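Residue numbers (the numbering used here): 1 to 229.
Glycine included, every Cβ here is placed at the ideal spot set by N, Cα and C.
Source: prediction; values computed, not measured.
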Amino acid sequence: MRAETFLKMYRVLEGLLEDKYGNSNSSVVMDYINDPDSEPVRQRLNLCRELRNLLTHNAGSDGEPVCEPSRQMLDDLYAIIAHVQKPRPAKNAATPVEALLTAEMDDPVMPVMQEMTAHGYSHVPILSQNSVRGVFSASCLLAHLSQGGYLNEQTRMRHLGKLLALEGRTSGRYAFAAADASCAEVSAAFEAHSSRNNRLMAIFLTQNGNPSEPLLGMLTPWDVLGKDD
């Protein structure tokens, strides 16, 4: 019977998710539904969850299931299991470089700030020959002004100097990862550096995770953890 097969495979799914989330205070399936990684299968998973509850908590007078899962529902469950088993590539969750707001050292600051305000950007990679050489953010500008710097139409990114550097920042950290990194790997990196004084603001993807390589995309905690960055 398909009902028995469906329930057996649903238990397989729960086992995979228990390995993923450990001792959860709620349903591991609900944990996964709320995980950004489930987005491609979320709707089908929710239907499978409802069907599983129906099959588990209801039966006819003879103990038979009240309904029989369709072949499509069983196929959907197999597809969901395959999705959970296959690591999701981080590049699928990243914003590609073509869609990022970027700048170069000789670019004027004010137009970049206007673009940031208009589109809600918080971090602007500073590129040189397509490689990341720094990051501009509102905190960089505030530090620049607090140190006696000026801001006018002639102010260029290079005038902010070391405030753009990736290292030694007080407002957060940045890291690099290879293009074939998984979402699980970058999620772990964000979780490991989530404290206020050691917060990882973004991860830049390059071919081999080398900062000197051309930028391919950028990830924030929101992209993989569903958190504001």
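* To the nearest angstrom, how far is it from the Cα of V28 to the Cα of A82? -> Here residue 28 corresponds to residue number 28 of the sequence shown, with the count starting at 1. Here residue 82 corresponds to residue number 82 of the sequence shown, with the count starting at 1. The straight-line gap from Cα to Cα measures roughly 17 angstroms.
* **Of the listed residues V12, C140, H57, L101, nearest to A79 (C-alpha basis)** => One-based indexing of the sequence shown puts residue 79 at position 79. Comparing Cα-Cα distances from A79 to each of V12, C140, H57, L101, the minimum goes to V12.
* Going along the chain, which residues of its own chain have a beta-carbon closer than 8 angstroms to the beta-carbon of V109, five neighbours each way excluded? -> The residue labelled residue 109 in the question sits at position 109 within the sequence shown. The answer, listed in chain order, is F136, L141, L151, T155, R156, M157, H159, L160.
* To do: Go to S128, then tell me how far its beta strand (DSSP E) extends in each direction, as first and last residue.
  => The sequence position of residue 128 within the sequence shown is 128, counting from 1. Taken as a continuous stretch (DSSP letters only), the beta strand (DSSP E) holding S128 covers 124 to 128.
* Asked: Near K8, which residues of its chain fall below 8 angstroms by C-beta distance, leaving aside the five closest residues on each side in sequence?
  -> For this step, residue 8 is matched to residue 8 along the sequence shown. Here the set comprises nothing.
* Asked: Going by beta carbon distance, what residues of the same chain come within less than 7 angstroms of A189, once the five residues before and after it are set aside?
  -> Reading the sequence shown from its first residue, position 189 is the one you call residue 189. The residues are A175, L200, I203.
* Can you tell which of P214, A179, H193 has its C-alpha closest to the C-alpha of A94? -> In the sequence shown, residue 94 corresponds to position 94, counting from 1. When each option's Cα is compared against that of A94, the closest is A179.
* Beta-bridge partners of R156, as assigned by DSSP -> The residue given as residue 156 occupies position 156 in the sequence shown. Answer is P108.
* To do: Return the CA-CA distance between Y121 and D223, expressed in angstroms with no decimal places.
  => Locating residue 121 in the sequence shown gives position 121, where the first residue counts as 1. Locating residue 223 in the sequence shown gives position 223, where the first residue counts as 1. Near 14 angstroms, if we compare the C-alpha coordinates of D223 and Y121.
* Between the beta-carbon of P96 and the beta-carbon of G209, is there less than 7 angstroms? -> Here the question's residue 96 lines up with position 96 in the sequence shown. Here the question's residue 209 lines up with position 209 in the sequence shown. The answer is no: Cβ separation not under 7 angstroms.
* Asked: Grouping DSSP H, G and I as helix and E and B as strand, with all else coil, what is R199?
  -> The count along the sequence shown starts at 1 and reaches residue 199 at position 199. Here R199 sits in coil by DSSP.
* Asked: What residues in its chain sit with their C-beta under 8 angstroms from that of R88, if we drop five residues either side in the sequence?
  -> Residue mapping note: residue 88 aligns to position 88 of the sequence shown, counting from 1. Excluding sequence neighbours, R88 sits near D37, S182, C183, A184.
* Locate the beta strand (DSSP E) running through G217, then write down its first and last residues. => For the purposes of this step, residue 217 is taken as residue 217 along the sequence shown, with counting starting at 1. Unbroken beta strand (DSSP E) run through G217: 217 to 219.
* Asked: Quick one: what does DSSP say Y174 is sitting in, helix, strand or coil?
  -> Residue numbering aside, residue 174 sits at position 174 when the sequence shown is read from its first letter. Y174: strand per DSSP, three-state reduction.
* Since A103 sits in a beta bridge, which residues does DSSP pair it with? -> Residue numbering aside, residue 103 sits at position 103 when the sequence shown is read from its first letter. Beta-bridge pairing links A103 to I126.
* To do: With distances taken Cα to Cα, identify the nearest neighbour of E104 among P111, L127, R169, K86.
  => The sequence position of residue 104 within the sequence shown is 104, counting from 1. Among P111, L127, R169, K86, the Cα nearest to that of E104 is on L127.
* **Where the alpha helix (DSSP H) through G15 begins and ends** => For this step, residue 15 is matched to residue 15 along the sequence shown. G15 -> alpha helix (DSSP H) spans 2 to 21.
* Asked: So what's D229 in DSSP terms, helix, strand or just coil?
  -> Taking the sequence shown and counting its residues from 1, the one referred to as residue 229 is at position 229. Low confidence applies to D229: its pLDDT is 43, below 50, so where it sits in the model is not reliable enough to give any reading.
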